[in-house]
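Numbering (our numbering), first residue to last: 437 to 1417. By construction, the Cβ of each residue, glycine as well, lies at the ideal position given by its N, Cα and C atoms. Model, not experiment: these values are computed from the prediction.
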Amino acid sequence: MSEFSPGQRWISDGEAELGLGTVLNCDIRSVTVLFSASQETRTYSVRQAPLTRVAFGSGDRIQSAEGWQMIVDDSKEVDGLIVYIGEDDSGNLHELPEAQLADTMQFDQARDRLLTGQVDRNDWFDLRFRTLHHHHRIEQNPALGLAGPKIDLIPHQLYIADEVANRHAPRVLLADEVGLGKTIEAGLILHRLLLTGRAERALILVPDSLTHQWLVELLRRFALEVTLLDEHQSQAQAEANPFESGQLILASQQWLFANPQRQAQANACDWDLLIVDEAHHLDWSPQGSGPGYACVERLAAFTPGLLLLTATPEQMGVESHFARLRLLDPDRYQSLERFKAEEQGYVQVAEAIDALDRLPPEKGNSGAADRDAVGSVIDDADSQALLNTLSDPERSPEQHAAARSQLREQLLDRHGTGRVMFRNSRRHVGGFPERHLNVTSLELPSPYRRVLRRLERDEDYLDDLLIETGLDHPEVILHLDAMYRAQAEDPLNAEPWWQLDPRVTWLLELLTEVGRDKVLVIAHHRDTVEGLAEALRVLGGIHAPVFHEGLTLIERDRAAAAFADEEEGSQVMVCSEIGSEGRNFQFCRHLVMFDLPLHPDQLEQRIGRLDRIGQRHAIELHVASFADSPLARLLRWYDEGMDAFSAPHGIGSELYDAFGDALADALLDGDGLDEIISETRSLFQARLTERDAGRNRLLELNACRHERADRVIEAIRELDTDSALPRYLDQALDIFGVDSQELGGELLLLEPSPQMLDGLPGLVKGEEGFSATFSRSRALARDDVQRLSWEHPLLREMMGRILSGTMGNTALALLKHPSIPPGRIMAELIFRTHAPAPQRLHVNRFLPPTAVRVLLDESGANLSDKVSFTGLSKNLQKVKKAVARDLIKSRHDQLRELLTQGETEAERELPSIVEAAQHRMRESLDAELVRLHALAQHNPAVREDELQALRDERAALDAAIEGTRLRLDAVRVIVTVEQER
């Protein structure tokens, strides 16, 4: 090591982030160094000081403490200090003593770090190159942002997400029927926009009862951590705007809509995307709007992207439906009367598409009526030419098929609100199981009869129950177990309620009948759930995990995992109404409803825990009904009035609004129930007829283009089966200090080691790790298991740190080879493309950071094509850092020459990279511009600002790609040594 002298500049080998250090003083034993930029002082032993002398050479750019810069031409030594000689940016000659170098100079670039002796481990360099390679692949995959979430690959959901998330500032209404996954579609859109940089901040407004469901869905399915904001959290922010406390804010609609102060704070923020669930509850009429609608309208006016979610877009009337569309595009939807007139034409278009599908490829009278039906909605020459082709018997079957497909796409594209509204129905999607209702009639036990008799004759008693239970009037009637517990002071009824309730005995018998089948039990109240679990344990010796709102998220996960385990899991799980929200148990086919909820939406939510896409069996619904009780009467209303148990119809809320008050009275005494059921059935049938009219048929046809959905699914499966992912992850975990243990059944346990680098998502030193799997199906079966993919936060964090930091950008390794003399060096240079562009442009889809590898021997010969990266890496051996620094120091001049020559070699590759990227960009965006421009001539739903944004995006991308430059990303020095004999 060189002798230390005050004023010399050194850097710390172990703490490079301290910056450039200055020797303050030294003696025979120690040296003290001041790192001014970080305001740190270190004292080291002279014999073991982990320091490297900073010495720049010809061609290096250095900065003075005064801020001006110069290029070094030469240097000299004066009293143990280096004096650099060179020219500044104006061509003026300067001498700059090393003591006057800027303290803030960093050595992050590969060239600087290498020449100052900072070398990393050889496996770090290897991981860096592989990270760049995989990042390049993944960023260009068309499934980016859709492949990572923990979801089934369902065509209509993926089509909608792909279509919407590719748009500039998407503003759409997601209106799939109940159970088809609107929340998943919104999550997929948000996830892709975040990953591609098209969105950074989002505000999500949901009904208060669904905040937990959304929180769980976004975290478990999409690994998105959102800030759940309420008044308590807001007040904790003191004077700060609480909506600035996170990038993704989730808030209750009821809370925000009722608080003008918080609305003003939300409006003061810059949002990229606004998501509003249950949007049909926003109240608007031509005469005025409610506070919720007005709040969303103000937010939507200044937020580029808007997603409105509702399962009932039109069932609340054309006026209500127009109100949603007006939020999406107020310029397009200005007149309610004009909109009603447009609606009349949608039935004709739907009939024309049906006729097109029937049209035979023949002339003459055959199919004349169908041809006329198609021709009646055609208003351009291109479509007419396609119709003529389809009707020409001289054309080949392939030509007929192509013409039919193209004409169908044009009719769907050009008519209706299909660009701003997506609606899939269960009948159109298919793949759903049958539902079977199994009702068992039981005799009402005497304690319950006493309660009902008192309710019928004693209104004060009803009031007492309301106060004691905190329930609404109808809810008291329906939950007889709660009423019975209100009689607990009766000494004759001191036993637990489940000792007397015949539904418990019935449940135990049912569990025996179904054998090993899983059974989910849902009751309304948490205390009912806990009582049932106790009853199953005491009376049947059955351990049933409970799942309710009083449990923590981890406790719920464990309960769900214990239920899901096929081999050793519990046969039965008991859930409360609220506790089961947002959870899916489609591996189970038996649902026991221990009581019935009063609202049809809650009933469907219960059944929806099992009735999901992916359910492979018919669903058995089990209800024990007390003869001539309120529960039995409610069961009749659901079954006979609206077929509520056969399939979801999305009309229940409207029916309850119409008949709920009358139903509550009829449940008590039964009078008028038959008439209510008859009237409910009539309105139910009328609404079904309206829903199945041409308007919905047209929307369903437009809501999923199966060819495109299939392409997306194929791209996702390509990433799912990528064999490189497990190998890469194993190497990355080792380097970042994460322990990985196989648990069997395709499961891994990832845990932090004592050496783990800080800040990795989901991992904290001294705490438990998490279970994970590469298998999509395995992850879907377990809520407590994370799915590992290229999009998982842990993978993205590790890759991001490598690509944006210095980890592995320098290395030195030894090579023993019989045909290469010892003592020679090679330089392996990795250059990376850089296209300067705002993140929102997502230039990476056309030109992600691209590696250009140059391998030079010491004579300057380019060996890149002769020696592969993998072939070279597996023959290299590591070397101690101290030895590596000495080797680099001894070859400074050679390395500088090789670095300069490598830049020249790499630059030769750049034009072809840029040209290929521009071709990909123009091919994609030009085609979309042509399509949208043609579409805008026929469909006013194509906004002019959307077209202009696409033109601007193309121009910006063209400039960014044209301005692409290469920069040195990493360099590895390879020194040959003598082959051992």
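- Around A491, the same chain offers I518 as residues with beta carbons nearer than 7 angstroms, after the five sequence neighbours per side are excluded.
- Judged by DSSP secondary structure, E513 falls within the beta strand (DSSP E) whose first and last residues are Q505 to V514.
- Judged by their CB atoms, F1021 and L1046 are nearer to each other than the 8 angstroms cut-off.
- Of the other Cβ atoms in all chains shown, fewer than 16 fall within 10 Å of the Cβ of E1414; this residue is therefore exposed.
- Where S1255 is concerned, there is no enclosing alpha helix (DSSP H), because DSSP gives it neither an H nor an E.
- Here the alpha carbon of D1175 sits roughly 12 angstroms from the alpha carbon of V1200.
- Annotation for F561: the continuous alpha helix (DSSP H) segment containing it runs N558 to Q576.
- For S1207, the enclosing beta strand (DSSP E) stretches over residues F1206 to T1209.
- With a contact defined as Cβ atoms closer than 8 angstroms, T1412 and P1254 miss out at about 10 angstroms.
- The segment 1287-1297 makes contact with the segment 1333-1345; the number of CB pairs closer than 8 angstroms reaches 3 or more.
- Assignment of Y769 by DSSP, reduced to helix, strand and coil, places it in the coil class.
- With a threshold of 16 other beta carbon atoms within 10 Å, N528 falls short and is exposed.
- Between the segment 1228-1242 and the segment 1190-1208 there are three or more C-beta pairs closer than 8 angstroms, enough to call the two in contact.
- N461 has T468 as its beta-bridge partners, per DSSP.
- The three-state reading of DSSP puts A638 in strand, counting E and B together.
- About 13 angstroms separates the beta carbon of L1099 from that of L1119, a gap too long to meet the 8 angstroms contact definition.
- Contact between the segment 625-643 and the segment 702-721 is present: three or more C-beta pairs spanning the two stretches fall below 8 angstroms.
- In the three-state reduction of the DSSP assignment, R1344 falls in the coil class, being assigned neither a helical nor a strand state.
- Burial of N1138 is indicated by the presence of at least 16 other C-beta atoms within 10 angstroms of its C-beta.
- According to DSSP, residue pairing for A1249 in a beta bridge involves I1410.
- Between the segment 1307-1316 and the segment 526-540 there are fewer than three C-beta pairs closer than 8 angstroms, too few to call the two in contact.
- Exclusion of the five residues before and after G1296 leaves Q1337 as the residues of its chain whose Cβ lies within less than 6 angstroms of its Cβ.
- Listed in chain order, the non-local C-beta contacts of D666 below 8 angstroms within the same chain comprise A687, S688 and W691, local neighbours out to five positions each way being set aside.
- Under the 10 Å beta carbon count, I464 is surrounded by fewer than 16 other beta carbons and is classified as exposed.
- With distances taken between CA atoms, I1171 lies nearest to D559 out of S481, G503 and D559.
- Shown here, H604 sits in coil according to DSSP, grouped into three states, outside any helix or strand.
- Residue pairing by DSSP places M857 opposite L609 in a beta bridge.
- Counting the other Cβ atoms within 10 Å of the Cβ of V662 gives 16 or more, which makes it buried.
- Within a 10 Å sphere around the beta-carbon of G1399 sit fewer than 16 other beta-carbons, which makes this residue exposed.
- Here A747 is near E613, since their CB atoms are less than 8 angstroms apart.
- For S725, the secondary structure class from DSSP, reduced to helix, strand or coil, is strand.
- CA-to-CA, the gap between A1395 and L1402 works out to about 16 angstroms.
- The shortest CA-to-CA distance from L582 to any of A601, L880 and L1361 is the one to A601.
- In this structure P727 is in contact with F693, their Cβ atoms being roughly 5 angstroms apart against a cut-off of 8 angstroms.
- When the beta-carbon positions are compared, C1140 and P578 stay at least 8 angstroms from each other.
- Inter-residue distance for A1352 and L1283 is about 9 angstroms (C-alpha atoms, whole angstroms).
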